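Everything on this sheet refers to the single structure shown next.
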Amino acid sequence: MSCRKGKSKTKPKVGAFRCAECGAFVKQKKDVCEPKKIKK
Ligand SMILES: [Zn+2]
Numbered sequence: 069m070s071c072r073k074g075k076s077k078t079k080p081k082v083g084a085f086r087c088a089e090c091g092a093f094v095k096q097k098k099d100v101c102e103p104k105k106i107k108k
C-alpha cells in the first residue's frame, strides 16, 4: 500500500479519489492508503 502523504496527483474532481488519511487527490484508487471516491 502506498500513500501520497498529502501530495495530490490530480485536481479534486468528481470521479477522482481522496485519501481519507492525508487528503491527497488521485485518479487511481490504489495510489492512496484510504481512498474515498469524490461525488458531486
Ligand atoms: Zn493517504
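Our numbering numbers the first residue of the sequence shown as 69 and each following residue consecutively.
Cβ coordinates follow ideal geometry from the N, Cα and C atoms, glycine included.
If you're wondering where the values come from, they're calculated on a predicted model, not measured in any experiment.
Original post:
Terminal residues of the continuous beta strand (DSSP E) containing Lys-79?
Top reply: Counting along the chain, Lys-79 falls outside any beta strand (DSSP E), and DSSP gives it neither H nor E.
Subject >> Element boundaries [beta strand (DSSP E), containing Cys-71] >> reply: Taken as a continuous stretch (DSSP letters only), Cys-71 belongs to no beta strand (DSSP E), as it is neither H nor E.
**OP:** For the beta strand (DSSP E) containing Lys-107, list its first residue and its last residue.
**Re:** That residue, Lys-107, is in no beta strand (DSSP E); it is neither H nor E in DSSP.
Subject >> Exposure of Ala-88, with buried meaning 16 or more beta-carbon neighbours within 10 Å >> reply: exposed
Subject >> Start and end residues, beta strand (DSSP E) containing Lys-87 >> reply: The sequence shown places Cys at residue 87, rather than the Lys named in the question. Where Cys-87 is concerned, the enclosing beta strand (DSSP E) stretches over 85-87.
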